[in-house]
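J.: To start, I am sharing the structure in question, which I have written as structure tokens.
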Amino acid sequence: MGTFKIIYLTGLGIGSIIRVIYTKSRRSNTGGQTRRESVFVFLFMIVWGVSQILALLYCVSNRLSFADYLLPIWLQWIGACLYAVSIVLLWRSHADLRHNWSAILQIKQNHSLIKSGVYKYIRHPMYAAHLLWSLAQALLLANWLAGPLALVAMIGFVSLRVPCEEQLMLERFGKEYREYKRHTGSLFPRFID
Ligand code: SAH
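Next up, the structure:
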């Protein structure tokens, strides 16, 4: 198995462990109000999930090798660096968002607006982590099915989810969220006020 496949699988393992740990810890805060979303949001989520399964298949077998493309090694190493950044960001955003995290759009009981940690600089670090992950996947796994599909799905998901989520946060937190928006970046961190 090639170096970049091993890197991808290692990251997938670490990312899955992070998700499992924080999904368990958020069970302390269930219930609350859920916001309906476009069916395309769920469609993009499913396609992204499928892209992870295809990536796994690509790493452990050569069934998808008919869809390979060529990438320079240095670009794949850049992918490895982006991948590491995405995993750290995924971990930090989960750690900072704590029990407020949910896969669907939700305002929980005891929901609090997090403005500290990575959220001090960027409003959507978790989505930024997923975009970075998907870009890294396209660079690490040079295969049309195992690579870029994730990026297409994630761009679609984030562009539909972010406006909806910000509307929900504005309805719940009003002036506090409007003020928070003024000092932070959406998907890119903003360090200067
Ligand atoms: N968009 C954020 C959070 C993703 S999890 C990110 O990318 O990091 C999605 C849930 O997080 C939504 O249901 C929303 O209610 C909640 N959420 C988003 N931003 C939040 C914040 N700053 N504080 C608390 N909850 C937040």
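When the letters of the sequence shown are read in order and numbered with the working numbering, they come out as residues 75 to 267. For glycine and all other residues, C-beta sits at the position ideal for the given N, C-alpha and C.
1. Are residue 212 and residue 202 close, meaning C-beta to C-beta below 8 Å?
2. What residues are listed by DSSP as bridge partners for residue 107?
3. What separation, rounded to the nearest whole angstrom, lies between the Cα atoms of residue 162 and residue 141?
4. Does the distance between the C-beta of residue 200 and the nearest non-hydrogen atom of ligand 1 fall short of 7 Å?
5. Applying the 10 Å Cβ sphere with the 16-neighbour rule, what's the burial state of residue 107?
6. From the DSSP output, which residues share a beta bridge with residue 196?
7. Which of the three DSSP states, helix, strand or coil, is assigned to residue 136?
T.: To lay it out plainly:
1. No.
2. Its beta-bridge partners are 181.
3. Spanning the alpha carbons of residue 162 and residue 141 requires a straight line of approximately 30 Å.
4. Yes.
5. Residue 107 should be labelled exposed.
6. Here residue 196 is bridged, per DSSP, to 259.
7. Residue 136 falls in the coil class under three-state DSSP.
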